[in-house]
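Asks:
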Amino acid sequence: MLDTKEGLRKKVESVLINNIIKGLTTPVEDTVKLVEPGHRDIVFRGTFEEVDEFFYSNLWTDGLPIVPPTLDKVERFLRFTDRSHDEVVDILLPENREATVWNVAVNGVMAGCRPEYMPILLAVVDAIADPEFRIEDAGSTPGWEPLIILNGPIIKELDFNCGSGVMRVGRRANTSIGRFLRLYMRNVPGLRIPPGGTDKGTFGYTFNVVLAENEDAVAEIGWEPFSVDQGFRPGDNVVTVQSVLSMSPPTNSAGHTALEHLETIAEAICRRSMAYRTGTAACHGMFYPLLAMSPSVASVMAKDGWKKDDIRRYLHDNVKERAGFLERLAWESGVTSFSFCKAVEQGLVSKVYCESTDPNRMVPVFLRPEWLGIVVSGDPGRNQSKGYVQNHKQGPPISKKIALPAKWKQLLQ
């Protein structure tokens, strides 16, 4: 995307063609299959500092000190699930390594989780192992990061933060489970930055802590929680994992009507922070951005008679951008053959995106209103909202019910 046409031609002729020929004609060297430790193998003995350095040198950490995963600590985690310890959840790309109940517990220990978080950790891994999540794309150059959204009574049972500073590190449950997911993605799928080589994020950013919804606030204003929007029943413990490419600025809004708040949210969060991804989303026919709003903002909208579907429809119908500009953004991302009219022909988006070929025509930023997620969380005393941009077919929201062990209440005592 940075070359002239002539410069690109020279690279193809002088470098690319020769490398293709070499790759197709050079004999493949025999590869040595790595022998990985068994479940109960002791891989190292030493002091805390020595263990930490050994794990770091083997690329098994996220660069921060880890809790040494001793057999005793791992077995404490395994008591919080009725699933077999050697159950294989799935084979995870890109390194084709088994996701197992055992290695979920190991990485949970390393991340600083408590044993009682184990049912949540398993649900998180079930979500990223779903083929629709496309864990194999998590090392792509946009550098997206997964976000865990949590619903259900387990939020209170395990002391998750869903109020002020909800997305900051500090509360053990939110923080350690967020860290677990990034650590697990390094150690099992094998998504590592250099000296590893499978994570090709251009910049990337650090892990997200768990976004727990304030279900008391949701019930008080008469809405359903996010998990119900995902197809579950009220009262179910549910995790949702989705990719997050970037976040909007924290956006304050004011007024006594829903429209007053939505006009600000539409402009500051949706058009300015989310529109740049509409073109690449349209070429895949998928886009699942997320809007988080504080309980006070949601309360104004609810008192004004607005449901979440009303908000989705308003933002879909009113947040628009010039088609030519969005196509240009897609081209700059490397989708050089994209056009909205071609996407309409392929059935990826609705006909509204090709009502003319005028590059200045205005088209919706959101492909479908029902694909916009809405979560109520954060400081209930502040008038603020925040947007999360999702990376089209890479990491669409996958929700899984949390399976608690039969003796859950006894184990918590």
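At position 401 of the sequence shown (counting the first as 1) the number is 1080 in this note's numbering, and the numbers step up by one without a gap. Yeah, the Cβ is synthetic: ideal placement off N, Cα and C, and Gly gets one too.
#1: Where do the N-terminal and C-terminal ends of the beta strand (DSSP E) with residue 1063 fall, by residue?
#2: Per DSSP, what kind of secondary structure is residue 1043 in: helix, strand or coil?
#3: Is there contact between the region 810-825 and the region 769-778, where contact requires at least three CB pairs shorter than 8 Å?
#4: Could you compute how far the alpha carbon of residue 976 sits from the alpha carbon of residue 937?
#5: Cutting at 8 Å between CB atoms, please list the residues of its own chain near residue 686, excluding the five before and the five after it.
#6: Going by alpha carbons, who is nearest to residue 1041 out of 708, 958, 792 and 864?
#7: Might you give, ordered along the chain, the residues of its own chain that have their beta carbon closer than 8 Å to the beta carbon of residue 951, omitting 5 neighbours on each side?
#8: Which class does residue 921 belong to by DSSP, given the choice of helix, strand or coil?
#9: Any contact of the region 968-983 with the region 1004-1019, i.e. 3+ C-beta pairs under 8 Å?
#10: What residue range is occupied by the uninterrupted alpha helix (DSSP H) comprising residue 778?
#11: Could you tell me which of 804, 1013, 900 and 850 sits nearest to residue 864, measuring between CA atoms?
#12: Look at the alpha carbon of residue 1084 and the alpha carbon of residue 1047, and state the distance between them as a whole number of angstroms.
#13: When the Cα atoms are used, what is the spatial distance from residue 787 to residue 744?
#14: Mapping DSSP to helix, strand and coil, what is residue 956?
#15: Using only the alpha-carbon positions, how far apart do residue 1036 and residue 960 sit?
#16: Can you check DSSP and say which residues form a bridge with residue 1121?
#17: Whose C-alpha, out of 702, 802, 886 and 1061, is nearest the C-alpha of residue 971?
#18: Where does the unbroken beta strand (DSSP E) through residue 671 begin, and where does it stop?
#19: If you count every other CB in all the chains shown that lies within 10 Å of the CB of residue 690, and 16 or more means buried, which is it?
#20: So, for residue 630: in the same chain, excluding its five sequence neighbours on each side, which residues have a beta-carbon less than 6 Å away from its beta-carbon?
#21: Just verifying my parser: in three-state terms, what is the DSSP assignment at residue 997?
#22: Can residue 963 and residue 1051 be called in contact, C-beta distance under 9 Å?
#23: Using 8 Å as the threshold, is the region 757-768 in touch with the region 837-851, meaning 3 or more CB pairs across them?
#24: Measuring straight from C-alpha to C-alpha, what distance separates residue 698 and residue 707?
Replies: For this structure:
#1: 1063-1068 is the span of the beta strand (DSSP E), which, as asked, contains residue 1063.
#2: Strand, per DSSP.
#3: The region 810-825, when compared against the region 769-778, does touch it at the 8 Å Cβ threshold.
#4: So the alpha carbons of these two residues sit roughly 9 Å apart.
#5: Closer than 8 Å at the Cβ level, and outside the excluded window around residue 686, lies no residue.
#6: Of 708, 958, 792 and 864, the residue nearest in Cα terms is 958.
#7: The beta carbon of residue 951 is closer than 8 Å to those of 927 in its chain, skipping five residues each way along the sequence.
#8: Residue 921 falls in the strand class under three-state DSSP.
#9: For the pair of segments examined, the region 968-983 was found not to touch the region 1004-1019: the number of CB pairs separated by less than 8 Å stays below three.
#10: Unbroken run through residue 778 is the beta strand (DSSP E), 776-779; no alpha helix (DSSP H).
#11: Comparing alpha-carbon positions, the option among 804, 1013, 900 and 850 lying closest to residue 864 turns out to be 804.
#12: Cα-Cα distance, rounded: 38 Å.
#13: Taking the straight line from one Cα to the other gives about 13 Å.
#14: Look at residue 956 here: in three-state DSSP terms it is helix.
#15: Going from the Cα of residue 1036 to the Cα of residue 960 covers about 19 Å.
#16: Nothing in the structure corresponds to residue 1121, since the chain is present only between 680 and 1092.
#17: The candidate whose alpha carbon is nearest that of residue 971 is 1061.
#18: Limits of the chain in this structure are 680 at one end and 1092 at the other, which puts residue 671 out of reach.
#19: Around the C-beta of residue 690, fewer than 16 other C-beta atoms lie within 10 Å, and the residue is accordingly described as exposed.
#20: The first residue shown for the chain is 680 and the last is 1092, placing residue 630 beyond what the model contains.
#21: Under the three-state reduction of DSSP output, residue 997 falls in the helix class.
#22: Judged by their CB atoms, residue 963 and residue 1051 are not nearer to each other than the 9 Å cut-off.
#23: Segments in contact, no.
#24: Cα to Cα, the separation comes out at about 15 Å.
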